[in-house]
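Reading through the structure tokens given below for one structure.
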Amino acid sequence: MAKQVRVRFAPSPTGDLHVGNIRTALFDWAYARHTNGKFIFRIEDTDTTRVTDEYIAAAIDTLKWLGLDWDEGPEIGGEYGPYLQSQRLDIYADWAQKFIVQKDAYYCYCTAEELEERRDAQKAANVAPGYDGKCRNLSENQLASFKAEDRLGVVRMRMPEGETTFVDQIRGEISFDHKFVPDFVLVRGDGSPLYTLAVAVDDISMKVTHILRGEDLLSSTPRQIRVYQAMGVKEEDYPTFAHLPFVMGQDNAKLSKRNGEVSIAWYRDKGFLPEAICNYLALLGWSPGDDVENITMQQLAELFTVERVNSSPARFDMKKLEAINGDKIRALTLDDFLERSLPFLKSAQVIMGSDDEIALVKSALPIIQERITRLDEVPAMLKFLFTKNFAVEEDSLSKVTDTASKEVLKRSLAELTALGEWTHESIEATLRSSLIEELGLKPRIAFGSLRIAVTGSTISPPLFESMELLGKIVSLKRISSALAL
RNA sequence: GGCCCCGUCGUCUAGCGGCCUAGGACUCUGGCUUCUCAAGCCAGCUACGAGGGUUCGAAUCCCUUCGGGGCUACCA
358 MAKQVRVRFA PSPTGDLHVG NIRTALFDWA YARHTNGKFI FRIEDTDTTR
408 VTDEYIAAAI DTLKWLGLDW DEGPEIGGEY GPYLQSQRLD IYADWAQKFI
458 VQKDAYYCYC TAEELEERRD AQKAANVAPG YDGKCRNLSE NQLASFKAED
508 RLGVVRMRMP EGETTFVDQI RGEISFDHKF VPDFVLVRGD GSPLYTLAVA
558 VDDISMKVTH ILRGEDLLSS TPRQIRVYQA MGVKEEDYPT FAHLPFVMGQ
608 DNAKLSKRNG EVSIAWYRDK GFLPEAICNY LALLGWSPGD DVENITMQQL
658 AELFTVERVN SSPARFDMKK LEAINGDKIR ALTLDDFLER SLPFLKSAQV
708 IMGSDDEIAL VKSALPIIQE RITRLDEVPA MLKFLFTKNF AVEEDSLSKV
758 TDTASKEVLK RSLAELTALG EWTHESIEAT LRSSLIEELG LKPRIAFGSL
808 RIAVTGSTIS PPLFESMELL GKIVSLKRIS SALAL
């Protein structure tokens, strides 16, 4: 029987989770779900100077919002917890101690300045820069004298001669000559562990079977494998690696704060749907293989395989995300669309949230559903229905004050005042017969003026539906106000 | 500089030796529809980085080259 698949997403929250992180999380999640395995969420907060509690909380919130549910991790715990590295410090310390006893690691007392000096010299001499092994074989006396000087030593892993070869599930066989993998630091001078130690120890102790992570970690893999060896892990028990291609910004540079908006929180505020973000991100570096692109999370879980992941980096394209977001919005049920739109209407202060307002929003949503790309467009689209101090937009003013428009408004006002049943069908029938047929006006001219008078803008939801929603009294009032302009 | 990864339309991709005069999606352009804006439908532009091989046959295999990226921390 095959081992159960255990995949982990292990971000280091030094900021809001961004597009690249989430793409990785999504693939981790999809792989775990596809294989009926476990999705483990672990927080790598060993760099206490950069990781904050707020970022950790935000990361948890973002994953939840996206629907990437985890089987083990923060808030729910699990058999191999804790899942915050800051709570596992003694585990790393124990291993580091063991490595020293085994002579796999050693104390190094070189100062940052000394190291930098020697690295510069190496560069100048055109030699691969890296730790030169100065402290590899310190005698007891030397160790004692450094300690007497109160120098803080780091723990360094001893890289033996040779090379490390592993099979990456996406890139195939990769090997690194140890000449280019210098002795690396496991534990800081203050005793805190570094990523390289913590990640390897945790992946082993949490029984992770597959590591799908960003390509930037590719060259740290031999170091990670070296730690497995020191831990005494058998080669057949190493996790399988798969290094995902980067998600790049528009200018072909790695996505970053400077490179457009990348934080998932930003997309959420802009009215992107979580399922749209996931759908789009799934297509960055992976494809189902056929010509289908619009898929659900469930389908992603069913279809996702590492074999179909690309090895080349992908550029992030906002236009395509928006297109997919529009598709997903159009696919929403009315109730779902309503529920998701309300927060945007409230925060834009278009509505306060009364039952009457919500009822009106609900009846208006169908006519704007196919006209928006993002949820944050809803307030602007529906504002005309709720505004207390209605006014025609500056730019459109001149288009309702000309004589032709006055004619249209005057005639419309008379016809509509006499209209009994107030439905979009009856409004349209009345207006078409009086303005188009009798006055012989072009529809876009006649209805254009009315649109501005009633909605305040040249762009609006369909006119007759809008008037029906507004109601007869308000509609007529706006037309007569426009006549007075 | 060194090591490693990557290279199909503007972008995301399909393609794993003949089905490719290279398919789909987004974008863009034109058209249809139309009360604006959208949506929808139709059409069009546009790609195998370059050069060598291997082969009856290469986008697919090999080599070189060029280009892009990552790493080279007591970051992850």
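Throughout the first sequence, residue numbering follows the working numbering, covering 358 to 842 in sequence. Built from N, CA and C at the ideal position, the CB exists for glycine as well.
What is the DSSP secondary structure of residue i, reduced to helix, strand or coil?
i: VAL362; result: coil
i: ASP843; result: What is shown of the chain runs 358 to 842, which leaves residue 843 out entirely.
i: TYR624; result: helix
i: LEU314; result: The structure shown has nothing for residue 314, since the chain only spans 358 to 842.
i: SER532; result: strand
i: ASN616; result: In this predicted model, ASN616 has a pLDDT of only 49, less than 50, meaning its place in the structure is not dependable; the value taken from the coordinates is given anyway. Residue state, collapsed to three classes: coil.
i: LEU630; result: coil
i: ALA501; result: helix
i: CYS467; result: coil
i: VAL663; result: helix
i: GLY606; result: coil
i: TRP427; result: coil
i: VAL544; result: strand
i: VAL511; result: strand
i: ALA671; result: strand
i: THR597; result: strand
i: ILE568; result: strand
i: GLY519; result: coil
To the nearest angstrom, how far is the alpha carbon of residue i from that of residue j?
i: ARG808; j: SER823; result: 9 Å
i: THR566; j: ARG731; result: 39 Å
i: ARG445; j: GLY438; result: 9 Å
i: SER837; j: LEU770; result: 7 Å
i: ILE379; j: LEU641; result: 11 Å
i: ALA481; j: SER644; result: 46 Å
i: GLY589; j: VAL362; result: 21 Å
i: ALA633; j: VAL544; result: 42 Å
i: ASP674; j: TYR637; result: 9 Å
i: ARG365; j: LEU574; result: 15 Å
i: PRO818; j: MET738; result: 7 Å
i: LEU833; j: GLU734; result: 27 Å
i: GLU772; j: LEU788; result: 8 Å
i: ALA453; j: PHE603; result: 32 Å
Nearest to residue i by alpha carbon, out of the options?
i: LEU691; options: SER502, ASP712, ILE725; result: ILE725
i: ARG665; options: SER769, SER711, HIS600; result: HIS600
i: VAL556; options: MET516, TYR440, GLU518, PHE456; result: TYR440
i: ILE681; options: ASN651, TYR388, PRO819; result: ASN651
i: GLU751; options: THR812, ARG768, ASP712; result: THR812
i: SER620; options: ARG363, ARG365, GLY372; result: GLY372
i: ARG493; options: PRO596, CYS467, LEU798, GLN454; result: CYS467
i: ALA810; options: GLU734, ASN636, LEU766, HIS535; result: LEU766
i: ILE457; options: SER502, ASP410, VAL584; result: VAL584
i: LEU569; options: ALA367, TYR552, SER817, LYS829; result: ALA367
i: GLN586; options: GLU764, GLY434, ILE561; result: ILE561
i: THR597; options: SER783, SER532, ASP534, ILE527; result: ILE527
i: LEU826; options: GLY519, ALA716, VAL649, GLY548; result: ALA716
i: SER443; options: ASP477, LEU472, ARG407; result: ARG407
### Task
Determine, using beta-carbon pairs with one atom in the region 487 to 496 and one in the region 530 to 540, whether at least three such pairs fall under 8 Å.
yes
### Message
Below 8 Å, how does it come out for the region 697 to 710 and the region 739 to 749: are there three or more Cβ pairs, yes or no?
### Response
yes
### Query
Which ranges does the beta strand (DSSP E) cover as unbroken runs of at least 3 residues, wholly within the region 717 to 802, from first to last along the chain?
Along the region 717 to 802, the beta strand (DSSP E) does not occur as any fully enclosed run of 3 or more residues.
### Query
Counting Cβ pairs closer than 8 Å, one from the region 441 to 450 and one from the region 653 to 661, do we hit at least three?
Here the region 441 to 450 makes no contact with the region 653 to 661; the two share fewer than three CB pairs at distances below 8 Å.
### Message
Within 8 Å, do at least three Cβ pairs link the region 457 to 465 to the region 512 to 527?
### Response
In the pairwise beta carbon analysis, the region 512 to 527 is classified as touching the region 457 to 465: at least three pairs are separated by under 8 Å.
### Query
Quick one: any contact between the region 418 to 437 and the region 378 to 396, if contact means 3 or more CB pairs under 8 Å?
yes
### Query
Just checking, does the region 754 to 761 make contact with the region 713 to 727 on the three C-beta pairs under 8 Å criterion?
no
### Message
As an exercise, report each continuous beta strand (DSSP E) stretch of at least 3 residues that is fully enclosed by the region 362 to 406, in chain order.
### Response
363 to 366, 395 to 398
### Task
Could you say if the region 579 to 597 and the region 521 to 534 meet the contact criterion of at least three C-beta pairs nearer than 8 Å?
yes
### Message
For the pair the region 414 to 425 and the region 620 to 633, tell me if three or more CB-CB distances fall below 8 Å.
### Response
By the Cβ criterion, the region 414 to 425 is in contact with the region 620 to 633, since at least three pairs of Cβ atoms, one from each stretch, lie closer than 8 Å.
### Query
On the three-pair Cβ rule with 8 Å, is the region 380 to 388 touching the region 401 to 414?
no
### Message
Measuring CB atoms only, is the region 797 to 805 touching the region 710 to 723, in the sense that at least three cross pairs come out at less than 8 Å?
### Response
no
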